[in-house]
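Engineer: If you read the sequences in order, they're chains A and B.
Mapping of the first sequence onto my numbering: position 50 corresponds to residue 757, and the numbering continues sequentially without gaps.
Mapping of the second sequence onto my numbering: position 15 corresponds to residue 722, and the numbering continues sequentially without gaps.
Ideal Cβ positions, reconstructed from N, Cα and C, are used throughout, including at glycine.
This one's a predicted model, so the numbers in the text were calculated from it and none came from an experiment.
Sending over a structure as structure tokens; questions will come in a sec.
2 protein chains.
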Amino acid sequence: MLTRKQYELLMFIHERLKETGVPPSFDEMKDALDLRSKSGIHRLITALEERGFIRRLPNRARAMEVVRLPDSIAPGLGAPRPRGSFSPEVIEGSLGKLEPPRPAPEPVVQGTEIPVMGRIAAGVPIEAIQTHSHSISVPPELLGKGEHYALEVRGDSMIEAGILDGDTVLIRRTDSADSGDIVVALVDEEEATLKRLRKKGASIALEAANPAYETRIFGPGRVRVQGRLVALFRQY
Amino acid sequence: MLTRKQYELLMFIHERLKETGVPPSFDEMKDALDLRSKSGIHRLITALEERGFIRRLPNRARAMEVVRLPDSIAPGLGAPRPRGSFSPEVIEGSLGKLEPPRPAPEPVVQGTEIPVMGRIAAGVPIEAIQTHSHSISVPPELLGKGEHYALEVRGDSMIEAGILDGDTVLIRRTDSADSGDIVVALVDEEEATLKRLRKKGASIALEAANPAYETRIFGPGRVRVQGRLVALFRQY
DNA sequence: GGTAAATGTTCTCTTACTGTTCTCTATGAG
DNA sequence: CTCATAGAGAACAGTAAGAGAACATTTACC
Chain A
708 MLTRKQYELL
718 MFIHERLKET
728 GVPPSFDEMK
738 DALDLRSKSG
748 IHRLITALEE
758 RGFIRRLPNR
768 ARAMEVVRLP
778 DSIAPGLGAP
788 RPRGSFSPEV
798 IEGSLGKLEP
808 PRPAPEPVVQ
818 GTEIPVMGRI
828 AAGVPIEAIQ
838 THSHSISVPP
848 ELLGKGEHYA
858 LEVRGDSMIE
868 AGILDGDTVL
878 IRRTDSADSG
888 DIVVALVDEE
898 EATLKRLRKK
908 GASIALEAAN
918 PAYETRIFGP
928 GRVRVQGRLV
938 ALFRQY
Chain B
708 MLTRKQYELL
718 MFIHERLKET
728 GVPPSFDEMK
738 DALDLRSKSG
748 IHRLITALEE
758 RGFIRRLPNR
768 ARAMEVVRLP
778 DSIAPGLGAP
788 RPRGSFSPEV
798 IEGSLGKLEP
808 PRPAPEPVVQ
818 GTEIPVMGRI
828 AAGVPIEAIQ
838 THSHSISVPP
848 ELLGKGEHYA
858 LEVRGDSMIE
868 AGILDGDTVL
878 IRRTDSADSG
888 DIVVALVDEE
898 EATLKRLRKK
908 GASIALEAAN
918 PAYETRIFGP
928 GRVRVQGRLV
938 ALFRQY
């Protein structure tokens with residue numbers, strides 16, 4: 708999917724992000740790839756974006772993040788991707804050559820009940836979350852350490868992040884998050900909202916994933932992270 | 708499913724990707740298969756794409772990736788990754804009036820194991836799915852009647868429906884669907900694809916949720932529904 | 001033998017990718 | 001508001017890569 712240069716640049720950005728948490732500037736990338744001009748970087752970045760490996764905000768300095776890495780890096784086809792564990796199983800019988808899969812009878816395993824604490828507006832911030840409306844059961848492999856709760860998403864502000872109105876999001880309680888994470892943020896101790904977090908120095912930006920909504924920037928102390936998005940469910 | 712040549716080429720691409728992370732060019736593939744012309748490679752690639760083994764962007768250099776491998780070298784079921792399901796933690800004290808919910812200890816309930824049958828390209832149509840790569844457990848409340856299986860989505864063609872690359876979709880096996888449903892459709896008994904179904908008289912349209920992809924319309928008998936999308940999971 | 005799909009080859013044509021230089025503009029700091 | 005800086009992008013040149021028509025051969029199969 709990627710040419711050598713595109714691959715090199717993606718790896719560089721990824722490493723940089725892992726180490727410093729801050730994406731490199733065009734000039735830094737230029738030096739890293741040993742080029743004399745940022746223009747080449749610009750095109751590589753465009754290519755990476757087109758191929759779905761990075762996401763970025765145009766005209767914003769260092770505003771990019773790695774969305775996925777090439778399969779050769781982690782996942783692989785032999786083994787499932789690094790998302791959660793899974794239970795080994797022997798299923799699979801002889802399938803007709805073009806017949807759709809025919810799973811064996813579904814075995815039952817342990818799940819975990821997670822409370823749905825109410826709704827949260829992904830769009831305009833609304834009421835905080837405190838009502839425990841019902842519970843959903845969650846596959847254990849999605850749960851890492853820590854305490855979790857679920858929220859039902861209202862609004863369309865995160866639509867470009869693939870989070871739609873009516874989706875249920877699984878949140879891990881935490882008071883810290885990295886720039887780029889999608890979090891439940893409490894603003895001025897009053898409005899809770901689901902947004903992507905950006906750290907800008909001491910300030911914090913909460914950005915929606917919908918051009919119709921503006922990014923809101925707050926000074927230190929005004930935003931408190933209440934949890935980080937770890938999984939999403941949608942029922943059709 | 709694959710001819711000898713197609714198989715050889717697929718293996719070569721797969722190896723190359725594993726080793727260097729960069730897909731081979733047509734010329735490199737030509738040399739690897741000991742051919743004198745790229746043209747043959749072009750046809751083999753087209754065949755592999757049609758059959759759903761690779762995904763690619765047309766007119767882009769080295770823009771391809773292996774989506775799945777033939778059953779003969781079917782992915783082994785890797786070892787399950789153990790993950791502590793519970794580890795008590797001490798979290799901050801004093802709760803403000805809008806303090807986030809503090810769920811009671813998570814009760815354990817029954818879940819259901821559903822096999823992930825492989826990947827399906829949401830973008831370029833691909834072929835039938837039958838590799839059982841691993842399993843996920845699914846909350847029982849998402850399962851209705853009938854038989855289910857899961858697929859991992861590759862590609863971005865359903866992006867505007869909030870289905871992203873890497874998402875796992877839960878499919879209920881069925882051979883019927885209503886107009887507007889998102890289905891796994893098998894075209895000409897060959898290519899399987901995840902698309903939105905539209906019935907137009909006797910014909911059937913498969914439409915992507917991404918303006919970059921065209922809606923494809925087929926005459927009666929060419930499209931067979933293999934399942935209907937009933938839920939979606941995403942892990943962050 | 002007849003047919004269709006898969007292959008192998010040659011050639012041509014177009015487009016993509018890379019490296020570089022320069023210019024222009026949006027943004028954020030002060 | 002002004003300035004310095006990072007990002008956007010046009011233009012040029014050379015190389016690399018993909019698309020596909022045309023035709024001959026081979027293979028599998030009825």
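In whole angstroms, give me the CA-to-CA distance for A698/A and D863/A.
Structural biologist: The question about residue 698/A has no answer, for chain A in this structure spans 708 to 943.
Engineer: So, helix, strand or coil for M771/B, using DSSP?
Structural biologist: Residue state, collapsed to three classes: strand.
Engineer: Closest to E772/A by CA distance: which of L893/A, M708/A and S886/A is it?
Structural biologist: S886/A
Engineer: Could you work out which residues of chain A lie near R771/B, taking near to mean beta carbons separated by less than 7 Å?
Structural biologist: The sequence shown places Met at residue 771/B, rather than the Arg named in the question. Result: M708.
Engineer: How many Å lie between V891/A and M865/B at the Cα?
Structural biologist: 26 Å
Engineer: In whole angstroms, what separates the C-alpha of E719/A from that of S732/A?
Structural biologist: Checking the sequence shown, residue 719/A turns out to be Phe, not Glu. Answer to the nearest angstrom: the Cα atoms are 11 Å apart.
Engineer: Kindly list the residues whose CB is nearer than 6 Å to the CB of I889/B, restricted to its own chain and excluding five residues on each side of it in sequence; keep chain order.
Structural biologist: Cβ neighbours of I889/B beyond the five flanking positions: R903 and L936.
Engineer: Taking only beta carbons into account, state which residues of the region 920-939 of chain A come closer than 7 Å to chain B, listed in chain order.
Structural biologist: Listed by position, the residues of the region 920-939 of chain A near chain B (Cβ gap below 7 Å) are Q933, G934, L936, V937, A938 and L939.
Engineer: Could you work out which residues of chain A lie near I827/B, taking near to mean beta carbons separated by less than 8 Å?
Structural biologist: The premise fails here: I827/B is roughly 11 Å from chain A at the closest Cβ pair, so nothing lies under 8 Å.
Engineer: Using the beta-carbon of each residue, which ones in chain B are nearer than 8 Å to D778/A?
Structural biologist: Result: L724, E772 and V773.
Engineer: In the DSSP output, which residue or residues are listed as bridge partners for Y856/B?
Structural biologist: Y856/B is bridged to I878/B.
Engineer: Run through chain B and tell me which residues come within less than 9 Å of G1017/A, C-beta to C-beta.
Structural biologist: Given that chain A is displayed from residue 708 to residue 943, the structure contains no residue 1017/A and the question cannot be resolved.
Engineer: Start and end of the alpha helix (DSSP H) containing L755/B?
Structural biologist: Unbroken alpha helix (DSSP H) run through L755/B: K745 to E757.
Engineer: Relative to the C-alpha of G924/B, which candidate in F940/B, K907/B and Q933/B has its C-alpha closest?
Structural biologist: Note on residue identity: the sequence assigns Ile, not Gly, to residue 924/B. Answer by Cα proximity: K907/B.
Engineer: With distance defined between alpha-carbon atoms, name the residue in K745/B, R758/B, H855/B and S744/B nearest to L709/B.
Structural biologist: In this structure, R758/B is the residue among K745/B, R758/B, H855/B and S744/B with its C-alpha nearest to the C-alpha of L709/B.
Engineer: At the level of alpha carbons, what is the spacing between S801/B and G926/A?
Structural biologist: Any reading at S801/B needs caution, since the residue's pLDDT is 33, under 50, leaving its predicted position unreliable; the model's value is listed next. Taking the straight line from one Cα to the other gives about 23 Å.
Engineer: So which residues on chain B does R905/A lean against when the C-beta distance must stay under 9 Å?
Structural biologist: What R905/A touches in chain B: nothing, since even the nearest Cβ is about 16 Å away.
Engineer: Helix, strand or coil for D734/A? Go by DSSP, reduced to three states.
Structural biologist: helix
Engineer: List, in order along the chain, the chain A residues whose C-beta lies closer than 9 Å to that of I720/B?
Structural biologist: None at all; the shortest Cβ gap to chain A is about 11 Å.
Engineer: Could you check what DSSP says for R923/B in three-state terms: helix, strand or coil?
Structural biologist: Here R923/B sits in strand by DSSP.
Engineer: Applying the criterion that 16 or more other CB atoms from any shown protein chain within 10 Å of the CB defines a buried residue, is V930/B buried or exposed?
Structural biologist: buried
Engineer: What would DSSP say about E914/B, mapped onto helix, strand or coil?
Structural biologist: strand
Engineer: Less than 7 Å between C-beta atoms, sequence neighbours within five positions excluded: which residues of the same chain meet that for E867/A?
Structural biologist: A916 and N917
Engineer: Is DSSP giving A899/A helix, strand or coil here?
Structural biologist: strand
Engineer: On the criterion of 16 or more Cβ atoms from any shown chain inside 10 Å, does E799/B qualify as buried, or is it exposed?
Structural biologist: Its pLDDT being 33, under 50, E799/B is placed unreliably by the model, and the measurement read from it follows with that caveat. Exposed, by the Cβ-count rule.
Engineer: Which residues bound the alpha helix (DSSP H) around R929/B?
Structural biologist: Looking at the DSSP string, R929/B is not in any alpha helix (DSSP H), and its letter there is neither H nor E.
Engineer: In chain B, what lies closer than 8 Å to G869/A by C-beta?
Structural biologist: I866, G869, I870, L871, D874 and R941
Engineer: DSSP state of P777/B, grouped into three classes?
Structural biologist: coil
Engineer: Taking Cβ-Cβ distances shorter than 9 Å, what residues in chain B pair up with P889/A?
Structural biologist: Reading off the sequence, residue 889/A comes out as Ile, not Pro. Correct list: Y943.
Engineer: Please classify V729/A as buried or exposed, where buried requires at least 16 other C-beta atoms within 10 Å of its C-beta.
Structural biologist: Under this definition V729/A is an exposed residue.
Engineer: Against G853/B, what residues of chain A qualify as contacts under a CB-to-CB distance less than 9 Å, listed in chain order?
Structural biologist: What G853/B touches in chain A: nothing, since even the nearest Cβ is about 11 Å away.
Engineer: List, in chain order, every chain B residue whose beta-carbon is nearer than 7 Å to that of G759/A.
Structural biologist: D863 and D872
Engineer: Return no unless some Cβ of chain B is closer than 8 Å to the Cβ of R711/A.
Structural biologist: yes
Engineer: Give the residues of chain A in contact with A768/B, contact being defined as C-beta atoms less than 7 Å apart.
Structural biologist: Neighbourhood of A768/B in chain A, by CB distance below 7 Å: T710, in chain order.
Engineer: Just the chain A side, please: which residues come within less than 9 Å of L764/B by C-beta, in chain order?
Structural biologist: For L764/B, the C-beta contacts it makes with chain A under 9 Å involve M708, E757 and R758, in order along the chain.
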